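**Q** So that we are looking at the same thing, I have put the structure below in structure tokens.
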Amino acid sequence: MLRARMIPSMSTNRVDAGKKIIKHSARFMLSAAIISAFLFSAHALSNYFSVSFPAPLSAMLALFLALQLGIVKLHWLTSGAHPLLNYMPLFFVPAAAAIIEHVELVARYWLPLLLCLVIVPLIGLFIIGTIMQRLSKEQ
Numbered sequence: 001m002l003r004a005r006m007i008p009s010m011s012t013n014r015v016d017a018g019k020k021i022i023k024h025s026a027r028f029m030l031s032a033a034i035i036s037a038f039l040f041s042a043h044a045l046s047n048y049f050s051v052s053f054p055a056p057l058s059a060m061l062a063l064f065l066a067l068q069l070g071i072v073k074l075h076w077l078t079s080g081a082h083p084l085l086n087y088m089p090l091f092f093v094p095a096a097a098a099i100i101e102h103v104e105l106v107a108r109y110w111l112p113l114l115l116c117l118v119i120v121p122l123i124g125l126f127i128i129g130t131i132m133q134r135l136s137k138e139q
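Numbered as in the UniProt record's numbering, the sequence shown ends at 139 without a single skipped number.
Following this line, the structure appears as structure tokens:
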């Protein structure tokens with residue numbers, strides 16, 4: 001009798017788990033489709049107009065505008081964006097390998113590189129900080 005009671009609850013749990021997996025998979029596919037659509041359309045537009053602007057950057061800007069305008073909802077993207085963010089450090093491996101491969105260029109131009117890598121972010125930080133201080137004073 002105890003065994004007969006366990007089987008329905010176990011099968012219900014399996015069905016619920018299956019539904020959760022299907023729901024999560026559908027959300028992931030929707031998210032991946034939206035991100036891919038923006039990327040592929042940016043590639044198509046940059047090829048059509050023969051623009052040297054990077055397609056991934058224009059796709060990111062277009063996706064940002066779509067999010068800000070409410071065309072795309074943030075919760076549509078979260079399940080597909082989290083795995084990309086988890087593997088994001090792997091995207092920097094080719095850049096690090098290129099630096100190691102061209103170490104003589106880095107040694108030759110170390111001062112301009114250092115200035116670009118330190119001064120430019122500091123200027124950006126200063127500008128953003130100034131803007132935020134002015135905006136917070138207005139409120």
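In this text, a Cβ means the ideal position worked out from N, Cα and C, and glycines have one as well. Note that this is a predicted model, so its numbers are computed, not measured.
(1) Which stretch, first to last residue, makes up the alpha helix (DSSP H) that contains H82?
(2) Does at least one heavy atom of the ligand ADP sit under 7 Å from the Cβ of M132?
(3) Taking 8 Å as the threshold, find out whether the stretch 22-33 comes into contact with the stretch 63-82 through three or more Cβ pairs.
(4) Indicate whether residue 142 and L39 have their beta-carbon atoms separated by less than 8 Å.
(5) Using the Cα positions of V118 and I128, report the straight-line distance between them to the nearest angstrom.
(6) Which class does Q68 belong to by DSSP, given the choice of helix, strand or coil?
(7) What is the rounded straight-line gap between the Cα of S58 and the Cα of P112?
(8) What residues in its chain sit with their C-beta under 6 Å from that of L63, if we drop five residues either side in the sequence?
**A** Taking the definition as stated:
(1) The sequence position of residue 82 within the sequence shown is 82, counting from 1. That run of the alpha helix (DSSP H) goes 74-86.
(2) Only the bare structure without any ligand can be found here, which leaves the ligand ADP out of the picture.
(3) yes
(4) For the chain, the structure presents residues 1 to 139; residue 142 sits outside this window and is missing.
(5) By one-based count along the sequence shown, residue 118 stands at place 118. By one-based count along the sequence shown, residue 128 stands at place 128. About 16 Å.
(6) Here residue 68 corresponds to residue number 68 of the sequence shown, with the count starting at 1. Q68: helix per DSSP, three-state reduction.
(7) Taking the sequence shown and counting its residues from 1, the one referred to as residue 58 is at position 58. Taking the sequence shown and counting its residues from 1, the one referred to as residue 112 is at position 112. Those two C-alpha atoms are separated by around 28 Å.
(8) By one-based count along the sequence shown, residue 63 stands at place 63. If we look at L63 and ignore the five residues flanking it on each side, its Cβ neighbours are F38.
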